[in-house]
Amino acid sequence: MLILHGVIFLGIFLALRKKRLERKIGLLMLCGNLLGMIVTAAGLLSGEQPLTELERKAGETREIHLEAEDAAGRRESVTLEIPELQYTPSETQELLQDKLRQLDSLILGENTSLIEVRSDLYLPADFGDSPVTVRWTSGDPGLLDSGGRLGEEIPEEGAEVELEGRLRLQKEELLYIRTLRVYPPEEQKDFSQKLLEEARLLNESGDGKTYRLPDTVDGQRVEWRLKKEKTGSYVAVLFLAAGILLTVSRKNLAWKQEQKLREEMKREYPEIVGRIQLLLGAGMSMRRIFGKITADYRKQLQLGRTEKKPAYEEIACTYYEMEGGKSELEAYEHLGERSRLADYKNLSVLLIQNLKKGKKELIPLMEQEVRAALEERRRRARAEGEKAATRLLLPMGMMLLVVLILVIVPAFLSL
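Number 979 in the working numbering belongs to position 154 of the sequence shown; there are no gaps in the numbering.
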């Protein structure tokens, strides 16, 4: 197993080095694998010491998985069932007597005496530090049930009830029998009610210019303070929520702007490939074509005849890269990578093929690309028209409803 952990660790490390895994995810996987290696190693080290005996536990039969090896080196996995610890009769009686002596104080709960029980008793079914179990029965479940809860039929003067507990360990039993006197449970007032009652009693006379506050309740000292306003917390939460909403809205706005930019680039694509095909047919090189498109676009911007167009900005960026010393191949590759649109990636591939195969093969391919771009523009225009028609359904339906009201209401009023 340690070898397998080591191979996985090495694989994750190499993937991180080659940047095939995100750094945070890779580090998390490395830490998890390292922790697994430590746990596996600890398990192997703890299992190296030969065993001669296994501990039994009281009241619990356990299954333990072991591995046995003989002198010849043969190994075999074995599952042993370890029976529970058995006590001798004297040990059993001693444990039962010990728990019997503890019950008088253990079952009291909030009560002070078994002859004046005014709240529920605590009747455990077992003991956490001993395998002894207890089964409880009550002589009158209407006064006290087997769970130690007081009933609703207890008279005001109280009543006696017999409580029996049967302590058991292995095959030995011991009886615990007590006669209790139970009373109706006292009505428990919460702290706020007690505070209000004390304040009312202290100011019963109604005189004086001040309203006095009790300094003790139930014998405990009480300090009074004005309740702190939570306005600051509300403001902090409000600004936190505003920050979250602002972050979400900005991300949504950025996504919408990106979608708008992509749509504009798609609309401008047929025009760009049409101009490239036209200038290519006139005998210009691809580098000069990019330079002329960029120059014409910049001139139109300076004259204020057009606004910034994202597709033309990408063409200009490609031309400036070539002028800056990058090869045409690198510039065309960057054009496809920056646009992240299938149309421009396809154009990038065609331009790279032009460098490798020559202009003669590019001209028919560009003509085919222009036809495909124009067909895509027509398809997109039809789709936009269908969307516009769908958006008009609601106002048209509202207008129809108004017309129906104008026709039907006078008809009903004339009846």
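Note that CB positions come from ideal geometry on N, CA and C, so glycine has one too.
message = Between which two residues does the alpha helix (DSSP H) holding L1172 run?
response = For L1172, the enclosing alpha helix (DSSP H) stretches over residues 1167-1182.
task = Mind checking which residues open and close the beta strand (DSSP E) that includes L1005?
result = L1005 -> beta strand (DSSP E) spans 997-1007.
query = Does the distance from the C-beta atom of M1147 to that of A1156 stay below 8 Å?
reply = The criterion of a C-beta distance shorter than 8 Å is satisfied by M1147 and A1156.
key: Assigned exposure category for N1179 - 16 Cβ within 10 Å defines buried   = Flag for N1179 reads buried.
Contact under 8 Å by Cβ, Q1102 with V1195 = Yes, the pair counts as a contact, with Cβ atoms nearer than the cut-off.
message = Let me make sure I understand the geometry here. Which of E1192, T962, G1129 has the alpha-carbon closest to that of P1095?
response = Comparing Cα-Cα distances from P1095 to each of E1192, T962, G1129, the minimum goes to E1192.
task = Please report the Cβ distance between T917 and L994, rounded to the nearest whole angstrom; I am assuming they are in contact, meaning their Cβ atoms lie under 8 Å.
result = Going by Cβ atoms, the distance from T917 to L994 rounds to 5 Å, so yes, they are a contact pair.
message = For a test of the three-state rule: what should DSSP assign to R960, helix, strand or coil?
response = The three-state reading of DSSP puts R960 in strand, counting E and B together.
task = Determine the contact status of V1042 and E1023, defining contact as a CB-CB distance below 8 Å.
result = Yes, the Cβ-Cβ distance between V1042 and E1023 is below 8 Å.
request  = Report the option in A1136, V959, E982, L1238 whose CA atom is closest to the CA atom of L1242.
outcome  = Outside the displayed range of the chain (826 to 1240) lies residue 1242, so it cannot be described from this structure.
request  = Express the C-alpha separation of T962 and L1000 in angstroms, rounding to a whole number.
outcome  = Between L1000 and T962, the C-alpha separation is close to 11 Å.
request  = Specify the secondary structure class of Q1013 as computed by DSSP and reduced to three states.
outcome  = Note that Q1013 scores 49 on pLDDT, short of 50, meaning its location in the model is unreliable and no value can be drawn from it.
ask   = Can you list, in chain order, the residues of its chain whose CB lies under 7 Å from that of G1099, leaving out five sequence neighbours each side?
value = Excluding its 5 nearest sequence neighbours in each direction, G1099 has C-beta neighbours in its own chain below 7 Å: V1195, listed in chain order.
Helix, strand or coil at D951 [DSSP, three-state] = Correct three-state label for D951: strand.
inquiry  = Just to confirm, is the Cβ distance from L933 to G973 under 8 Å?
reply    = Contact flag unset, no.
S944 versus I979 - alpha carbon distance = In a straight line, the C-alpha of S944 is about 12 Å away from that of I979.
Proximity of E1139 and R1165 at Cβ, strictly below 8 Å = Taking 8 Å as the Cβ cut-off, E1139 and R1165 do not qualify as a contacting pair.
key: Candidates E901, K1151, T1143, G1116, of which the one nearest Y1169 by Cα   = Y1169 has its Cα closest to that of T1143, out of E901, K1151, T1143, G1116.
ask   = Helix or strand or just coil, what does DSSP make of Q911?
value = In the structure shown, Q911 sits in coil (DSSP, three-state: anything other than H, G, I, E or B).
ask   = Is the CB-CB distance between L1038 and V1007 below 8 Å?
value = The beta carbons of L1038 and V1007 sit no closer together than 8 Å.
ask   = Alpha carbon to alpha carbon, what distance is there between A950 and L905?
value = So the two alpha carbons sit approximately 30 Å from each other.
Alpha-carbon spacing of V899 relative to L910, whole angstroms = What sits at residue 899 in the sequence shown is Arg, not Val. Spanning the alpha carbons of R899 and L910 requires a straight line of approximately 32 Å.
request  = Keeping to the same chain, check which residues put their C-beta closer than 8 Å to that of V942; ignore five residues upstream and five downstream.
outcome  = Residues of the same chain with a CB within less than 8 Å of the CB of V942, apart from the 5 flanking positions on each side, are N936, L969, L975, L1005, R1006, V1007, Y1008 in chain order.
query = Run through DSSP, which three-state label would Q976 get?
reply = Note on residue identity: the sequence assigns Gly, not Gln, to residue 976. It is coil, neither helix nor strand.
query = Nearest CA to the CA of L810: which residue from L925, E880, A1120, F1115?
reply = Outside the displayed span of the chain (826 to 1240) sits residue 810, for which this structure offers no information.
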